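These notes concern the structure reproduced below.
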Amino acid sequence: MMSSGSFSLRTRPVAGLALGWLLLLLIVGLLAPWLPLSPTTPDLLLVAAPPATGSGHYLGTDALGRDVLAGLVAGAQRLVLLTLPAVALATLLGTLAGAAAGFWGNQRLRLPIAAGGWVLVAAWWGLRLPGTAFLCILLGIATALTLLTWRVARHPAARRRYTCALPLDSLVLGIITLLGSVPRLLLLVALAAGPPLTTGQLLALLTLLAWPETARLVRGQMHWVRAQPFIEAAQASGLPMSRIWWRHALPHACRPLLAFGPLSLAGLVGLESSLAFLGIGQGPDVVSWGSQLASVRHDTTAWWAAVFPGLALLLTLLALQKLAVLASPATNK
Amino acid sequence: MWGWLFGRLARAAGVAWLITSLVFIVSRQLPGGPDQLVVADLSELGRPVAADQSVASQQAARLAVRRRLGLELPVFYVTHRANQWYWHGPANQYHRWAVAVLHGDLGRSYRDGQPVGALLWQALRFTLPLAASAAGLAAGLALGLGLYLARRPGSPGARLLVGLLNGLQITPLFLVALGLLLLFANPDLLNLLPAAVQTPTEDGGQLLAYWLGRAALPLVSLVLAVLPELTLPLAAALRHEATTGYATTARAKGLPLGQVLRRHALPNALLPLLTTLTDLLPALVAGTVVVEVLFAFPGSGRLLAEAAAAHDYPLVVAGVLLTALARLLGLLLADILYFLIDPRLRPS
Amino acid sequence: MNYFWLGSLLTLLVSACSAPPAKQASSPITIRWSRDPSTLDPLALPNPSAIDAANLLHMALLATDFQANKYAPALAQTLPQVRVLADSLTALDYELRQAATWDDGRPVLATDVDFTLKLLHCPGLPNEGNRAQYGFIREVRLDPVNPRRFTLVCRGRGEEIMIASGDFPILPESALDPAHTLRYLPLAKLQAWPAARPPAPAVAALVQRYRQANLAREPSHLPGCGPYRLTAWDTNHQLRFRRKAHWWADKVQSAPPVLQARPQELVFAVLPDDDATALALRRHEIDVYPQVPARIFQQLQASPKARAEFAFYSQPSYDILTAGFNTRRPILRDKRVRQALSCLFDPAGLSTATQLGQGRRTVGLLPPGSPFYNDSLSLPSLAPDRAMTLLRQAGWQRRADGHWWQPGATHPLALSVRYRTEETTFATTALQFQAAAARIGITVTLLPAESSALTTALQAGDFDVYVRLLKGSPLGFNFATFLHSSTIGNGNLTGFSTPLTDHLLLAIPAEGDARRKRLLLRRLQVVLRDEMPLLPLFYLPTRLVVNRQLQHVVPSGLKPGYALTALSWSDAATPLANSQ
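Protein chains in written order, with this note's numbering: chain B, -2 to 330; chain F, 46 to 393; chain D, 1472 to 2051.
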């Protein structure tokens, strides 16, 4: 599998298939609103009916009487418009947070000491805490600190004295832990109490729940990258740290993502499925592949309700993995 | 190293405390609450109702519940109402809880008045062995399968295995568990589970054997659920390592590929595996609700899920505290393991 | 460790695949519970499992006779004598059975009933639900001559008062209050005790003793006069109850059904999942599976082997699948709009889709078999054309965009439906309504929610339409709890009330004459049909599957769906003839 040369569809029929499937998905997903299929109208006389051509349900119906084929199309739309963007956002957020935490750790990123004062001022104002006089004093201190550090900023040695370390690593790990330790059910009960989630909120929720894993993976890899000789060499050559991070360390730290990214798509669909399983997020009138997988829970004999979306999901996952392997620099040498 | 370890532990404890405090405060802001459940249940239970159904009597009953559970106090030292801050002093729920926890008392469950620590321990006796052996088994299998996949990429066996693992990855845990249940505990197909009609009443070997039999399918479903996530990235990392310079050199010196992978590539490729594996640590205490529900396993996942549904805050908060601690220890453990595998990764 | 697990798995596999052992009369009967009772405190009883257990451990004055679906005397000798007093008060004269004794041989006396009622009103105990439930009992008058006779003076009139007055488990005074300190505190004084005032010293001491007994987990600390005692409780796994060797009711001549307790040992297996329960039943790990969902029932019946091993029962229950309209919403204030929307539900199709066609359709809040059922009304059915006519009559117009507008309105007609998530019946109903409404141009949003969030939203009036179960009972006609104006914000979720219905709702329970009662009830059904605050779709069936070797199976539409203590293993090892 590492034998081939450059990327070309003609020499790689499997890759062509993979790309074709993803394109098909994209087209179906974007065209779904105009297709004459109704994924949410229940057929009360044919509940959990097996696939048959005569009934008009070519892939059968699920335990609520919804057409599986129409659900597949609606699910493709949701995948294209919601899940894939969520994966992309979560990967981006996770990579940046994890890479920054792994690279700078708790000590290496130093901020001017005045920044602390400004954060305090912002928090005081944002929470509308009482004591306007105290707020003014804080404001004054922060301004003074800023002016002071700005004055001495020309001497690097002095500048170092007026900075404080930002515990970036602890901050990121703390947020990850916070997101990981709140019981899902409690979170969902809290969410379900409010109005139903809009697509934007759902996107934010999925991103929020998915990024920590990516962040941890990249953080772990970044620890390893940081210890590599080429980083030391770059530092010795006097490059600014942010540039080393962005240009040299980040690409290496992202390597596990090629294998992990497609899996995180599956993870998110799984998350949607467990949201549907718990009946939270969106109602049964919003169909996704994940909620279709969950619907088999209502009737275990209706295997077709889970097998078809499962197959579609598997194909998507395999296609993405194939493309990830092709895009990986190591295998294209 | 010891100073670092101590610092990390202290910080972990602090973060865990912060998280738990946050959950403590937020959970009490949720609508509903234990007082509402007591009132709502009346009409739901199919008992003859001659009760006074007026709103006033309902309010009185709810107030009585809040008073009994100590929920009528303010939640925190300060509250924010109508753009004004109010200071309550130590007569608040958080202060009382914090003082009690520092004295080793996690509180009592709202539902049956039992100490939360005892309830959690009872459930952990089932969850801990199950989840720990699942994690161990899955890690061992992932190592073996990862090495196999890296040694023979492209062979029919490896392709089949990758397909299977991907199939498993997209299958939600409840489907895996349900599938196993319908396949192996079904008198119409294969009825492999012991037909233990009754739980043995006396302690001892019989009871242990009974629970081992009950744990077999949950164990397999947990292993299958985490296996793809552990194996696929490991195999990818091993393949990558096999193309690097040092591996080529080693091969040129005549080492067989398997040995190169095991001896030289594996330590470098192990990082992602360790990350994912230590991610599983919180599941040891939080349990996995789906598996416990399907296999009727009396573990901590079900306990905490039911507590959350019933607004049993003391139990939920104690569960969060334990989970947060486990997660932070997992993070710490991952960093220590990174260091042990590659001493260059000295923690900051 | 891994090899240890695998090894033990293999050893167990060898021992598997054995036939279920033949049952003897003393074999335990295993019953499925979907959840752990979580507390067995006789004052709390927050869920059906806890109520089942309390019925084994304790006895009440009255109990359900599942054979007749009626309340029958249990600790009481007979049903109480009802005397109407002034000021809408009712006096109920009870007499306890001569034979009734506690385990230590002391008789069950009127003072025990008095004590229990006072315990239900002690502050600081988990009895808040019961305080509201039994607040209508204002006074206990003990008979000065006969220690077993007493009179309950109750507020209100009607049959529910009589039934509900005997529904709480009686607790022994001697065990909790040996010094009789509570006897000198009248019940009314305890009920009227201000919440802010500290409790009387006697009450405080009693509450302290009660808490120390830890009855939530250790019911054996307070032996009741029921036929069973708890022998083991593994939380979230199983509970075991053993029959007392000497129970007082064994001495009662020709004991009525409520005083029979045949099983020697009862085991309740806590199995939260229905698919797993069906498999456990097939593997003979459980013998009784009550409240079977429709699809599981169908699957089990489809298997020839299961049909040979189990008996299947389906009974109409008293739970009605109901859609309700929030009459406080401006668009739903007009009854013609509510009538129009009610024409968009398809009860017949929904019964077919969700209940195997076994749902019993009804015109109102009474079951079709009832003598008070108004058969002059037609059954509600799907009629989109009629819905459009009604909407037009109510002043709505359908515009070119297909939506319905009122003159001067800024939004077209659009609604949201709230329902509980777990149940597919609700989801299917909501989807059907949504599809039918979409066809005539009404946008419907579905808002499923978890149970407690749903209750909060409904009680706050934050909904347009709800779909939920209305728990009915054959034992009374107390519709005031969810239709009367005084319960708006609590039981009355739709916010509906008219002076006429308020009058009818109060007159019906108080009416003693059957003919006049029938007229009032028929009138109520007509008015409700016209006003349409809620639409009863159909009565749900309750399904039961039991091991064929069990005899004396008494299925019932009342909770828990069968007579638990009547069951016993048949002596013949061969399966019985098909008794379906």
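Backbone N, C-alpha and C fix where the C-beta goes; we use that ideal spot for every residue, glycine too.
This structure is a prediction, so every number in the text was calculated from the model and none was measured.
In the three-state reduction of the DSSP assignment, F/Q251 falls in the helix class, which pools H, G and I. Counting along the chain, D/R1987 sits inside the alpha helix (DSSP H) bounded by residues 1985 to 2002. The continuous stretches of alpha helix (DSSP H) do not include D/W1867, and DSSP gives it neither H nor E. Neighbours of B/T297 across chain F, judged by C-beta separation under 7 Å: L223, L227. For B/H54, the secondary structure class from DSSP, reduced to helix, strand or coil, is coil.
For D/L1613, no Cβ of chain B is located within less than 7 Å of the residue's own Cβ. Judged by DSSP secondary structure, D/A1920 falls within the beta strand (DSSP E) whose first and last residues are 1914 to 1920.
Distance between D/K1988 and D/A1716, taken at the CA atoms: about 47 Å. In the three-state reduction of the DSSP assignment, D/A1571 falls in the coil class, being assigned neither a helical nor a strand state. Contact between F/L318 and F/L275 is confirmed by a C-beta separation of about 6 Å, below the 8 Å threshold. By the CB criterion at 7 Å, B/R75 and B/S270 fall outside the cutoff. Think of a sphere of 8 Å around the beta carbon of D/G1820: the chain B residues whose beta carbon falls inside it are L41, L42, in chain order.
Under the criterion of beta carbons closer than 8 Å, B/T211 and B/A130 do not qualify as touching, at roughly 46 Å. Beyond the five residues adjoining it in sequence on each side, B/L268 comes within less than 8 Å, by CB distance, of L203, L206, A207, G287 in the same chain, given in chain order. Residues of the stretch 58 to 75 of chain B with a C-beta atom less than 9 Å from some C-beta of chain D are A60, L61, G62, R63, listed in chain order. Of the candidates D/S2039, D/A1524, D/M1530, D/T1833, D/T1833 places its Cα closest to the Cα of D/L1850. Listed along chain F is no residue with a C-beta nearer than 8 Å to that of D/D1536; the closest approach is about 14 Å. When rounded, the separation of the alpha-carbon atoms in D/E1610 and D/L1563 is 11 Å.
With contacts defined as CB atoms closer than 7 Å, B/W221 and B/G57 fail to qualify as a contacting pair. Using a Cβ distance threshold of 7 Å, B/A231 and B/H245 count as a contacting pair.
DSSP, read as helix, strand or coil, puts D/A1547 in strand.
In this structure B/Y55 is exposed. Its beta-carbon is surrounded by fewer than 16 other beta-carbon atoms within 10 angstroms. For D/G1795, the enclosing beta strand (DSSP E) covers residues 1781 to 1796. Chain F has a Cβ within less than 7 Å of the Cβ of B/T174. Residue pairing by DSSP places D/Q1552 opposite D/D1564 in a beta bridge.
Look at B/W208 here: in three-state DSSP terms it is helix. The C-beta distance from D/S1852 to D/P1818 rounds to 7 Å, short enough to fall under 8 Å.
Sorting D/F1586, D/T1572, D/D1705 by C-alpha distance to the C-alpha of D/V1678 places D/F1586 at the top. For F/N313, there is no enclosing beta strand (DSSP E); the enclosing alpha helix (DSSP H) covers residues 311 to 324. Interface annotation, F/A341: not in contact with chain B, CB-CB separation never under 7 Å. Contact check for D/T2036 against D/A1732 passes: the beta carbons are separated by less than 7 Å.
No Cβ-Cβ contact shorter than 7 Å links F/G364 with F/L376. Each of D/A1928, D/R1986, D/V1936, D/P2004 was checked against the Cα of D/S1956, and the nearest Cα belongs to D/P2004. For D/N1526, the closest C-alpha among the options D/R1993, D/A1539, D/P1640 is that of D/P1640. The Cβ of B/T196 sits no closer than 7 Å to any Cβ of chain D. Only exposed fits D/R1804, as fewer than 16 other CB atoms lie within 10 angstroms of its CB.
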